[in-house]
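Per the working numbering, residue 644 is the first one in the sequence shown, and the count goes up by one each step. Glycine is no exception: its CB is placed at the ideal position from the N, C-alpha and C atoms. These numbers come from a predicted model, not from an experiment. To keep things clear, I will list the structure first and then write my remarks on it.
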Amino acid sequence: MQDMALIEMGDFAGAVLKHLKKHPIKKLSICGGFGKITKLAKGHMDLHSRASSIDFNYIAEIAEQEGASASLIDAIKQANTSIEALHLCQVGYIDLGNAICEAARSVAQAKLGTIIDTGIEVEVMAINRQGEFIGYAGKAIQPPTIAGA
């Protein structure tokens with residue numbers, strides 16, 4: 644088998660994690676839009692809009708853990724999109740992108756652990772619509788350059 648393989652999971656993070664029970668790999672790289680990664684961080688396994696919604700209170704909690712002010716937390720709770728919340732944090736020098744990716748990585752690792760006794764390395768990357776990295780969590784020797792950082 645090749646060193647690198649691609650499985651497009653679409654909106655079904657849970658399905659790809661279950662797939663690894665029968666087909667274990669050494670490393671799992673999850674890459675998606677910030678909204679989808681935010682849903683995964685919250686613990687959703689089906690990331691489609693019909694199955695899960697972006698939780699702005701959750702985003703605000705993560706931002707607060709990263710040092711966001713009360714006014715920034717209120718603004719995040721009133722945001723219309725996850726990208727708007729991310730932008731508010733970037734302006735306020737809060738590293739929301741990496742924090743959300745780390746939360747999503749923890750969720751994926753925990754889910755893998757309940758499925759199989761795993762030694763699978765997990766990394767999570769969030770990208771914007773321009774294809775730029777806006778968040779990363781993992782063990783890369785040189786993580787990707789984060790846009791807006």
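- The alpha-carbon separation between aspartate 717 and serine 749 amounts to approximately 26 angstroms.
- For isoleucine 673, same chain residues with a beta-carbon under 6 angstroms away, outside a window of 5 residues either side, are Val767 in chain order.
- If you draw a straight line from the Cα of glycine 657 to the Cα of leucine 671, it comes to about 13 angstroms.
- Counting along the chain, glutamate 727 sits inside the alpha helix (DSSP H) bounded by residues 725 to 734.
- Only residues of its own chain outside the window of five on either side were considered, and among them Ala706 and Leu739 have a CB closer than 6 angstroms to the CB of cysteine 732, listed in chain order.
- Given a length threshold of 3 residues, each whole run of the beta strand (DSSP E) inside the stretch 655 to 728 is given here in chain order: 670 to 676.
- As the crow flies, the alpha-carbon of alanine 713 is around 17 angstroms from that of glutamate 727.
- By the neighbour-count criterion, in which a residue is buried when 16 or more other Cβ atoms sit within 10 angstroms of its Cβ, alanine 746 is buried.
- About 7 angstroms separates the CB atoms of alanine 769 and glycine 676; that is less than 8 angstroms, so the two are in contact.
- Taking the Cβ atoms as the reference, alanine 722 lies roughly 6 angstroms from phenylalanine 699, within the contact range of under 8 angstroms.
- Per DSSP, reduced to three states, the secondary structure at glycine 756 is helical.
- Around alanine 742, the same chain offers Ile705 and Glu709 as residues with beta carbons nearer than 6 angstroms, after the five sequence neighbours per side are excluded.
- Around the Cβ of glycine 774, a 10 Å sphere holds fewer than 16 other Cβ atoms; the residue is exposed.
- When secondary structure is reduced to three states using DSSP, alanine 790 falls in the coil class, being assigned neither helix nor strand.
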